[in-house]
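Protein chains: 2
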Amino acid sequence: MKKHNFSAGPCILPQEVLKKASEAVVNFNNLDLSLVEISHRSKDFVSVMENARALALEHLGLQNKGYQALFLQGGASTEFLMVAYNLLQDKAAYLNTGTWSSKAIKEAGLFGEVVEIASSKDQNFNYIPKGYTIPTDIDYFHCTSNNTIFGTQLNTFPETSAPLICDMSSDIFSRQLDFSKFDLIYAGAQKNMGPAGTTLVVVKEDILGKVSRTIPSMLDYKVHIGKDSMFNTPAVFPVYVSMLTLEWLKEKGGITAIEKINNQKATLLYTEIDRNPLFKGFVATKEDRSKMNATFNLVDEAHKETFDKLWTEAGINGLNGHRSVGGYRASMYNALPLESVQVLVDVMQELERGA
Amino acid sequence: MKKHNFSAGPCILPQEVLKKASEAVVNFNNLDLSLVEISHRSKDFVSVMENARALALEHLGLQNKGYQALFLQGGASTEFLMVAYNLLQDKAAYLNTGTWSSKAIKEAGLFGEVVEIASSKDQNFNYIPKGYTIPTDIDYFHCTSNNTIFGTQLNTFPETSAPLICDMSSDIFSRQLDFSKFDLIYAGAQKNMGPAGTTLVVVKEDILGKVSRTIPSMLDYKVHIGKDSMFNTPAVFPVYVSMLTLEWLKEKGGITAIEKINNQKATLLYTEIDRNPLFKGFVATKEDRSKMNATFNLVDEAHKETFDKLWTEAGINGLNGHRSVGGYRASMYNALPLESVQVLVDVMQELERGA
Chain A
1 MKKHNFSAGP CILPQEVLKK ASEAVVNFNN LDLSLVEISH RSKDFVSVME NARALALEHL
61 GLQNKGYQAL FLQGGASTEF LMVAYNLLQD KAAYLNTGTW SSKAIKEAGL FGEVVEIASS
121 KDQNFNYIPK GYTIPTDIDY FHCTSNNTIF GTQLNTFPET SAPLICDMSS DIFSRQLDFS
181 KFDLIYAGAQ KNMGPAGTTL VVVKEDILGK VSRTIPSMLD YKVHIGKDSM FNTPAVFPVY
241 VSMLTLEWLK EKGGITAIEK INNQKATLLY TEIDRNPLFK GFVATKEDRS KMNATFNLVD
301 EAHKETFDKL WTEAGINGLN GHRSVGGYRA SMYNALPLES VQVLVDVMQE LERGA
Chain B
1 MKKHNFSAGP CILPQEVLKK ASEAVVNFNN LDLSLVEISH RSKDFVSVME NARALALEHL
61 GLQNKGYQAL FLQGGASTEF LMVAYNLLQD KAAYLNTGTW SSKAIKEAGL FGEVVEIASS
121 KDQNFNYIPK GYTIPTDIDY FHCTSNNTIF GTQLNTFPET SAPLICDMSS DIFSRQLDFS
181 KFDLIYAGAQ KNMGPAGTTL VVVKEDILGK VSRTIPSMLD YKVHIGKDSM FNTPAVFPVY
241 VSMLTLEWLK EKGGITAIEK INNQKATLLY TEIDRNPLFK GFVATKEDRS KMNATFNLVD
301 EAHKETFDKL WTEAGINGLN GHRSVGGYRA SMYNALPLES VQVLVDVMQE LERGA
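So, in structure tokens, the structure goes:
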């Protein structure tokens with residue numbers, strides 16, 4: 001049965017990528033060896049790593065601009081502490097827009113003074129704070145571009161003279177931005193890039209090397225840069241599948257092309273959420289709605305059993321909302337086809353007809 | 001062509017495991033979804049993680065003895081710093097038997113006093129130091145059970161009243177030991193357990209929580225234990241393949257059964273290295289030879305071109321020695337069949353006949 005996979009992450013990946021990845025697990029590059037049983041120093045794997053790093057920079061328009069792309073391990077959760085370890089000497093400013101921002105703030109607090117310049121915690125993170133002022137005496141400013149759990153997304157990024165650091169785990173490669181405004185971008189692979197187990201870090205080299213503390217090797221961005229992202233054995237399979245997904249994105253026309261489809265998907269679903277009297281969106285301010293994760297609830301919980309039955313029968317997977325929000329969450333990452341959103345909208349309309 | 005994979009790591013895994021893993025990448029548990037595109041909180045994946053953790057403890061005979069098994073990220077290189085972050089309050093003792101021990105010592109030095117109680121660096125690590133005394137006023141004693149690069153292995157472990165910490169990356173699950181003598185064992189997956197990208201940590205809980213520093217969440221063993229090794233999104237594919245490999249080991253009869261075959265393989269190869277006048281072993285003391293990684297050289301480098309051609313034509317992969325040692329290294333991990341070692345020995349004898 002054809003599945004429509006709205007999982008929030010790990011999430012849907014392009015089917016052709018999964019097919020190639022599956023083949024490589026038994027026979028990679030016609031070597032008669034598995035991708036996962038060859039040396040990471042072999043030319044076949046070194047070329048995977050180099051290709052993945054180059055594609056990441058190319059998609060973001062950051063080649064030859066002083067940036068380095070790294071494929072590390074440990075997810076965004078490890079970046080929460082690495083960012084601070086590498087960059088926080090005295091004081092940093094954080095924007096708190098949800099669970100992941102809050103965790104980033106907590107970890108950074110171990111390394112210096114952290115100023116939470118604005119937060120939407122007062123309303124369970126159902127909007128993006130605006131009108132805040134970023135102090136000038138800071139080592140960096142940190143924000144989360146998309147809030148997977150709550151379904152909000154930053155549409156504009158603040159101007160700041162300090163380095164701009166962004167956790168783009170759940171919307172990287174989904175929309176065109178001037179990425180050169182950012183000094184460090186990080187993203188766990190498991191949304192728009194690949195399987196869980198690797199983290200993309202794109203860092204402008206000139207912001208590094210300015211803190212006085214000694215940094216353990218594995219937590220030091222400069223160490224990883226110096227070894228071309230191969231200081232230690234990388235997560236071979238996740239990096240390879242990320243490379244395949246970045247190649248797939250290039251064949252599709254890159255971020256600009258995928259953004260058009262992402263906009264169509266989001267418009268289709270949000271239009272239905274707003275039109276259908278049985279549903280209401282979770283996010284209070286429509287301009288802050290995420291195009292990756294649409295959060296919504298039933299107006300009347302009495303329809304829950306029927307709705308859950310309908311979408312499950314339609315082959316929809318992963319629609320339950322996070323426990324912090326409840327209701328439903330439709331994650332519409334790059335690899336999700338428009339057709340799957342149409343199936344969800346059809347089910348929402350079927351519920352309305354039967355109500 | 002059938003390959004005989006002597007790669008030092010990432011290395012050979014059981015072929016039936018790779019076949020199952022390949023299938024799971026396109027359709028896992030007949031869900032019509034890939035293993036890598038479902039939530040790590042789904043019951044299907046939670047069961048993978050629980051099974052992998054339980055199997056690791058079962059193989060080591062450490063169930064219900066106060067130990068926890070964790071599948072983390074970042075490889076042994078991350079454990080070098082995590083061990084010290086979590087356990088080094090004042091002073092720790094390290095045995096230096098090679099590149100990886102040296103790296104562990106370097107990282108630990110950032111967190112407290114590190115005493116290198118013995119080292120074989122004076123002879124390019126071609127033996128295991130003996131007769132050293134371990135101080136009693138230490139937080140822990142750390143050693144590396146098998147030295148992948150140099151081909152040495154600890155056959156006995158010292159008695160110490162302090163917690164015994166061991167990097168078993170390249171020989172875990174290959175030989176029976178009294179694992180309850182160890183307080184913390186760690187191992188990157190990519191030798192006897194699975195693909196690169198996850199690290200097994202087996203830790204006795206009562207040694208934790210004794211340092212005064214605050215530990216960042218991702219580096220804190222207690223945090224990972226408290227969340228059943230799912231504090232953040234784990235490396236789904238590497239953990240799954242590790243689980244499959246641990247199941248395969250159980251079907252084979254566990255460590256005791258595989259150790260017999262590992263002994264046969266090592267005896268077959270070392271007997272030929274010692275018998276064949278064209279070759280000499282790298283390790284100075286025969287009792288310190290590794291059963292996982294046999295390092296050897298040609299007596300006369302003039303035979304190099306012919307030998308390299310012979311083994312390549314025989315379908316042998318990954319036989320070149322590490323640049324620190326030169327010559328050859330035959331890694332004979334659990335999944336390598338005895339037949340592959342026989343092919344290598346045949347090639348060595350063929351070289352002798354032609355010389």
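For the record, the sequence lines run as chains A and B. For the first sequence, the UniProt record's numbering assigns the number 1 to the initial residue and increments by one for each residue that follows. For the second sequence, the UniProt record's numbering assigns the number 1 to the initial residue and increments by one for each residue that follows. Built from N, CA and C at the ideal position, the CB exists for glycine as well.
Which same chain residues, not among the five before or five after residue i, have their C-beta less than 7 Å away from its C-beta?
i	result
Glu350/A	Leu310
Ile149/B	Gly98, Thr99, His322, Ser324 and Val325
Leu35/B	Ala24, Val25, Phe28, Val236, Phe237 and Tyr240
Pro10/A	Gln190, Pro195 and Ala196
Thr245/B	Leu13, Pro14, Val17, Met193 and Gly194
Glu113/B	Asp90 and Lys91
Tyr85/B	Phe111, Ile215 and Leu219
Leu20/A	Rather than Leu, the amino acid found at residue 20/A in this sequence is Lys. So the list reads Leu244, once near-sequence residues are dropped.
Opposite residue i in the DSSP bridges: which residues?
i	result
Ser331/B	Asn293/B
Glu140/B	The question names Glu, but residue 140/B in the sequence shown is Tyr. Looking at the DSSP assignment, Tyr140/B forms no beta bridge with any residue, so it has no partner.
Ile316/B	His4/B
Val347/A	None, per the DSSP bridge assignment.
Leu298/B	Phe279/B
Tyr94/B	Glu116/B and His142/B
Suppose the cutoff is 6 Å on Cβ atoms and the five residues either side in sequence are ignored; what does the same chain contact list for residue i look like?
i	result
Gly188/A	Gly75, Ala76, Ser169 and Thr199
Thr160/A	Ile134 and Phe141
Ile138/A	Lys91, Ala92, Ala93 and Ala162
Cys166/B	Cys143, Ser145, Phe182 and Ile185
Glu107/A	Phe80 and Leu81
Val211/B	Gln89
Asp171/A	Ser145, Asn146 and Met292
Pro129/B	Ala118 and Ser120
Pop quiz: residue i and residue j are said to be a contact at Cβ under 8 Å. What is the actual Cβ separation, rounded to whole angstroms?
i	j	result
Lys265/A	Leu336/A	7 Å
Leu55/B	Lys250/B	7 Å
Leu87/B	Pro163/B	7 Å
Gly315/B	Met1/B	5 Å
Leu13/A	Glu205/B	Not a contact, Cβ separation roughly 37 Å.
His59/A	Gly253/A	Between Gly253/A and His59/A the Cβ distance is about 11 Å, and since that is not below 8 Å, they are no contact.
Phe71/B	Lys103/B	No, Phe71/B and Lys103/B are not in contact; Cβ-Cβ is about 22 Å, not under 8 Å.
Glu352/A	Asn276/A	5 Å
Asn293/A	Ala8/A	6 Å
Asn155/A	Glu301/A	Not confirmed; about 31 Å, so no contact.
Met243/B	Ala69/B	At roughly 11 Å, the Cβ-Cβ gap does not stay under 8 Å, so Met243/B and Ala69/B are not in contact.
Using DSSP with H/G/I as helix, E/B as strand and the rest coil, what is residue i?
i	result
Ile134/A	coil
Tyr127/B	coil
Ile38/A	coil
Ile149/B	coil
Ser324/A	coil
Gly354/B	helix
Ile12/A	coil
residue 357/B	Nothing can be reported for residue 357/B, as the shown portion of chain B is limited to 1 through 355.
Gln89/A	coil
Phe111/B	coil
Ala84/B	helix
Ala284/A	coil
Leu336/A	coil
Does the ligand MG have a heavy atom nearer than 7 Å to the CB of residue i?
i	result
Val25/B	This structure simply doesn't include the ligand MG, nor any ligand for that matter.
Note down, in chain order, each residue of its chain lying with its Cβ closer than 8 Å to the Cβ of residue i, except the 5 sequence neighbours on either side.
i	result
Asp50/A	At residue 50/A the sequence reads Glu, which differs from the Asp that was named. The residues are Asp228.
Val343/A	His4, Ala314, Gly315 and Ile316
Arg289/A	Gly151, Thr152, Gln153, Ala266, Tyr270, Gly281 and Val283
Asp132/B	Reading the sequence as shown, one finds Tyr at residue 132/B and not Asp. The residues are Leu95, Ile117, Ala118 and Pro158.
Val115/A	Lys91, Ala92, Ala93, Tyr94, Pro135 and Ile138
Val299/B	Pro277, Leu278, Phe279 and Lys280
With a floor of 4 residues, list each alpha helix (DSSP H) that falls wholly inside the region 240 to 282 of chain A, ordered by position along the chain. If you keep only unbroken alpha helix (DSSP H) runs of at least 4 residues inside the region 240 to 282 of chain A, you get 254 to 275.
Which residue spans inside the region 152 to 233 of chain A form an unbroken alpha helix (DSSP H) run of at least 4? DSSP runs (the alpha helix (DSSP H)) wholly in the region 152 to 233 of chain A: 221 to 226.
Beta strand (DSSP E) runs wholly inside the region 14 to 74 of chain B, at least 3 long, in chain order: Those beta strand (DSSP E) runs which fall completely within the region 14 to 74 of chain B and span 3+ residues are 67 to 72.
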